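Chains A and B are the protein sequences, given in the same order. When you line the first sequence up against our numbering, it's residues 17 to 641, in that order. When you line the second sequence up against our numbering, it's residues 17 to 641, in that order.
2 protein chains.
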Amino acid sequence: MSLLYINLFTVFVAKYVKDLKAANASDEQLKLAFNDLQVATQNLERQRLLVVTSNEFRKYLLDDLLYKHYFFSNSFEIYGGLTRFYDFGPLGAEIEANLIECWKKHFIIEEKLLQLKSPSITPEAVFRASGHLKRFTDFCVKDTKTGKLFRVDHLIKDFLHNQLSSNDLSKEIKSEYLNVLYKLNNFSKDELNELRKKFDIKSPHTGNPLTDVFEMNLMFGFSMKHNSKAEVYLRPELSQSAFINFKKLFSFNKSKLPFGVAQIGSAYRNELSSGTGITRLREFTLAEIQHFFDPNEYSHPKFKNVEEVKLNLYSACNQMENKDSVEMSVKEAVNKNILSENMAYFLARIHLFMLKIGIDPRKLRFRQHMNRELAHYAVSCWDAECLTFRGWLECVGCSDRSCNDIKNHLEASKAEFIECISSTNSSNLKDFVDECSEKDNECEGFNFEKTLPCVIEPSFGIERLLYSIFDHNFCFRKDDERKAYLSLPLSVAPVICCVLPLGSNYEFHPLLKQISDKLHAAGITYDIDDTRKSIGKRYVRSDEIGIPFAVTIDFDSLIEPHSVTLRERDSIKQVRVPVNNLIEILKNLSTESISFEQIEKLYPQFKGQVHSKETIKTAVKTHLC
Amino acid sequence: MSLLYINLFTVFVAKYVKDLKAANASDEQLKLAFNDLQVATQNLERQRLLVVTSNEFRKYLLDDLLYKHYFFSNSFEIYGGLTRFYDFGPLGAEIEANLIECWKKHFIIEEKLLQLKSPSITPEAVFRASGHLKRFTDFCVKDTKTGKLFRVDHLIKDFLHNQLSSNDLSKEIKSEYLNVLYKLNNFSKDELNELRKKFDIKSPHTGNPLTDVFEMNLMFGFSMKHNSKAEVYLRPELSQSAFINFKKLFSFNKSKLPFGVAQIGSAYRNELSSGTGITRLREFTLAEIQHFFDPNEYSHPKFKNVEEVKLNLYSACNQMENKDSVEMSVKEAVNKNILSENMAYFLARIHLFMLKIGIDPRKLRFRQHMNRELAHYAVSCWDAECLTFRGWLECVGCSDRSCNDIKNHLEASKAEFIECISSTNSSNLKDFVDECSEKDNECEGFNFEKTLPCVIEPSFGIERLLYSIFDHNFCFRKDDERKAYLSLPLSVAPVICCVLPLGSNYEFHPLLKQISDKLHAAGITYDIDDTRKSIGKRYVRSDEIGIPFAVTIDFDSLIEPHSVTLRERDSIKQVRVPVNNLIEILKNLSTESISFEQIEKLYPQFKGQVHSKETIKTAVKTHLC
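Below is the structure:
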């Protein structure tokens, strides 16, 4: 029973009840219809619980929750959408902004990176030099009749998965198929073509024959109108800008190595994959670091700080030999020559970042690219992959790009990258000559005529990280499998708390205003849910969108000294706290200087209201509040 | 004497001195050459001072300063650049990030706006419906021989400025020309063509004849490869996404009006203007608000909070009648029917934002668009313009788009924008039916079948705001016209303070580390300048890049209890403060809870060091520190 049917059914039910009402059906008719439908719904619900434990179904439920609350949605939906383009709605955009803020703190501030912001539109010369024009390609095949394009590795993968799911394969064939699957990323164009022929792979849906395997460039290119000579491309990565501006950045950094550059922005790739959702977009956000260092100095100055961090490493060798990933400290990995110190430092920092934003370390591994899988610019690459309902998802790539990019641009542009004496408008001759000598000295540490700086590049796919955060924090209540919630950490949660007046009654307004003004002044983010829905349903919504705390204003709140209940999302435990202490408590909770368990010890557990709407009215009359 | 010559000259001087050194010139020869050059430099300097007061020269000096410190630079420079594309270097990117942070606080948080993030690549259907495909155009002419394109209004403007700068025009002609200039934005295609003919305007540089005036679309469009049917465009504004997603946003906002949507992102326009710099880019950043409201409710709930704000208003009438702008409170403007209350509210909020980020209110006006100048989607528009060295610069547009966009998309997409009952996966029938009734009630307040919501849209050009901030805060020391500095406010300054150890000596390291660790822990942004340049030159750099405070570690600092000097950028006043109080002081200064004047009263003025390198050594030996 797929979610689609359940949705269709509930829509149908609603329509049915409405129609009956519109037709002025008698109460008796309505009651009967209602009973019938209730039975049908309960049956459906039982079937739903049977499948709820499957990964595939959890994926549907998560997507459904994210779609329902408009975390994101297909772009241009009212015009039929555009394949692999997504919008972020208010919650998704807020969480994305929080994620990027975390990234800035963890990397830009901690590593003292230089920020750089460049256009997406890039002239062809840049990508000719960088090799993207020739080599940033996917292996594709075309339906010989419809002309539709497919990635051949995806077709082979689908074919093998299909075959392997049937039980009547011999042990040998099964093992052969698995072997192909494991190495799928490592085949050449010709090998892939051989596999296509061997497995007799046809065009999906049509069954038409396919062309031979060919390479297709993934960049979107166009001519800038009225200047037809200028061929430009939308950048598929941000890094080239750091390479072509290396001279300026180096000089800004007082001509010292090592240093890192940070860029956050959009990138564009003409992806053909069949996957849906925000994990394979054609326009997406990258956060990149280019760490430039002297190739004679493969050690990292801050390695000591992270050397004990343990990573789940899945080396190329282990993949080729069909072995599992191995957990070890980065210190051990460096000692065993599995990682260079610079690479190890950044993998450890990436790992720490992932934990901070709510990635489950048990579902995180670092997978090394196999030789043929490497991008044309990389000599080595490790991906941080998250295990999601969609399988392992590459979220961060950490490439060793050596000095290739800078070398290529030096050769192609004929630019002098390193000029120790640059032009200046200093008008005092003496100062100027002094400055020249100073700069000469400063350059002594590194001789660019002999060596070029090397680059380690951690590159973060923001949408994929977001999806993994949602996936790893998608939970169900133990006592009620139907109730899902997003256990988002404070670092990325859309707001710290949701404020819920028990009803829309006028009595609550002054206290609601007082509390929201205080929250605003203290810089604590909040949402007000004063819809007429029951408090239980509003808690469900607040939990579903991942708000860590809920503040409820009930009738007891109106009695002085004013108090509210404070509810924690994950434990759904609730205490009653004085309004005067609320801001202090939320501040401490949001900075994690106190835990909710500690709060529970300090304040009485909430078990239910003492006063109701009626008793409050009496209390007001007798001047109790 | 243009800056270019001065630059060329200093480069020549450096080369000359280097060559002499390389040729093993005698000390005598060097001394003579040096004297000659010093005299030449002084002469140059005098000439430079003569022109330093002209606007044109100040523009050069500002651009030079911004370029020198890599605030920004031409993109893809090593490949010859790409016209009207710019990079932001570390300082520019940092200040832009701060500006956007201010914007988020001032608008998204204060106005409780819903965030939205959508792709830049947009299918044609959207812009066909919005009218951009037909009407987002400039009036152009083409050089009949070279094919080069020009905006005809720019050619006419240049022609008239040229004519007006010569003194031998009759009073009548002068007044006619001025009249054309004032109304230049308000001419139709045919009128512009008549003016072109009348003034006999030729192609600049070549003198070739020009074609008749025609309309050119400003959008970059292309075909997505392998799917040639899908014509897409890079969005020229962000707003369409809020319109086509209105239904989802409205429902997310609990089906209540008014509400606002906030978007920040890149936009693209194929600009033909001849201007340079970051004020007219082809790829740029917009921050937009779409404020949706019931057209029967033109009042704004928070208008009371801003009604006394005074604006410098330059109405279309005053422009047509060649009158000046007028200062009045927004309350008065509403009473006089110059502004609607919704428009007035946002203009006032924009005004307050501009002051917060460092715009000089004396150089700020709100100019109303004249009828023919209005974009096709607007029924009224007021631009916040800043007076810069480049003239009046439009930085924020605030359009009344009425309900046209939503209406157009409704008609074109045939989508039902407003459906009170949407599909849901709530599996409990009773709940579902309840929800339906609740939603029905919630929709009662606004009847979409009869009226569509209207839109006020403030749209901020981030790069132009940045440029205006630089321009309005570009100052010269009163006692030395050569010393420029950027008086950036704390809200946008790249960092709060610069830490300067007096020399690179090892003695300073422990204190430098202690101070920078403390700054880091307190979240106070800082820069360390430990280059070997003199302290004076390092102050100049710190002032030029707009850092509000400088912390200097000198030899006296090494004596316990440790102290440092604290210097304020604008007053260049300096006090000596204990290291133990430094963080507290900087925190209070950065939140503006204390002024530097107050700090001056609390701590001794700094007049010079007591200790030198030598006396410190003795002091260390005698255990004084």
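Every residue, glycine too, gets a C-beta built ideally from N, C-alpha and C. These numbers were taken from a predicted model, which means no experiment stands behind them.
As assigned by DSSP and simplified to three states, the class of I280(A): strand
Own chain partners of S134(A) with C-beta closer than 6 Å, once the 5 adjacent residues on each side are dropped: S257
Helix, strand or coil at Y393(A) [DSSP, three-state]: coil
Limits of the unbroken alpha helix (DSSP H) element including H307(A): Note, H307(A): premise wrong, no alpha helix (DSSP H); beta strand (DSSP E) at E299 to F309.
Proximity winner among D79(B), Q625(B), D340(B) and A566(B), relative to R381(B) (alpha-carbon distances): D340(B)
Unbroken stretches of the beta strand (DSSP E), 3 residues or longer, contained in the stretch 85 to 151 of chain A: 88 to 90, 102 to 104 and 137 to 139
Below-8 Å beta-carbon distance, K494(A) vs any chain B residue: no
Same chain, Cβ closer than 7 Å to F405(B), five either side skipped, listed in chain order: N71, R74, K75, L78 and D487
Presumed contact (8 Å Cβ cut-off) between R551(A) and H627(A), rounded CB distance: In the sequence under discussion, the amino acid at residue 551(A) is Ile, which differs from the Arg named in the question. That pair is no contact at about 15 Å.
Exposed unless 16 or more other CB atoms sit within 10 angstroms - verdict on V395(A): exposed
Partner residues on chain A for Y86(B), Cβ-Cβ distance less than 7 Å: K264 and F268
Start and end residues, alpha helix (DSSP H) containing E343(A): Element bounds for E343(A): not the alpha helix (DSSP H) but the beta strand (DSSP E), V342 to S345.
Limits of the unbroken alpha helix (DSSP H) element including A332(A): A332 to M336
Short CB-CB distance (under 8 Å) between G359(B) and chain A: Strictly speaking, residue 359(B) in this sequence is Met, with Gly absent from that position. Chain A, which has no Cβ nearer than 8 Å to the Cβ of M359(B), makes this no.
Cα-Cα separation between D416(A) and I472(A), rounded to whole angstroms: 5 Å
Close beta carbons around L81(A), own chain, < 7 Å, minus the five adjacent residues each side: A500 and E560
Burial state of R151(A), where buried means 16 or more other Cβ atoms lie within 10 Å: exposed
DSSP three-state assignment for D546(B), whether helix, strand or coil: coil
Three-state secondary structure assigned by DSSP to G562(A): coil
Every unbroken alpha helix (DSSP H) within the stretch 350 to 397 of chain A, with a cutoff of 4 residues, ordered by chain: 357 to 372
Cutoff 8 Å: V643(A) Cβ touching any chain B Cβ: With chain A represented from 17 up to 641, any question about residue 643(A) goes unanswered, as that position is not in the structure.
Coil, strand or helix - V593(B) by DSSP: strand
Chain A contact for I189(B) (CB, 8 Å cutoff): no
Interface flag, H425(B) vs chain A, CB-CB below 8 Å: yes
Test item: CB-CB of G477(A) and P510(A) under 8 Å: no
Close Cβ partners of S606(A) (< 7 Å) along its chain, the five nearest in sequence each way excluded: L506, I512 and I540
N- and C-terminal bounds of the alpha helix (DSSP H) containing N209(B): K205 to K214
Residue-chain proximity (P317(A), chain B), Cβ-Cβ < 8 Å: no
Cutoff 6 Å; reference F4(A); Cβ partners in own chain excluding five residues on either side: Outside the shown range of chain A (17 to 641) lies residue 4(A), about which nothing can therefore be said.
Straight-line gap, I94(A) to D545(B) (C-alpha atoms, nearest Å): 54 Å
Test: D35(B) CB closer than 8 Å to a CB of chain A: no
The stretch 119 to 137 of chain B touching the stretch 523 to 536 of chain B, judged by at least three CB pairs closer than 8 Å: no
Strand pairing of D475(A), partner residues [DSSP]: Residue identity differs from the one stated: residue 475(A) is Ser in this sequence, not Asp. Answer is E304(A) and G413(A).
CB contact below 8 Å: S91(B) versus chain A: yes
Straight-line gap, Y314(A) to K553(A) (C-alpha atoms, nearest Å): 56 Å
Classification of I260(A) by the beta-carbon crowding that lies within 10 angstroms, buried from 16 upward: buried
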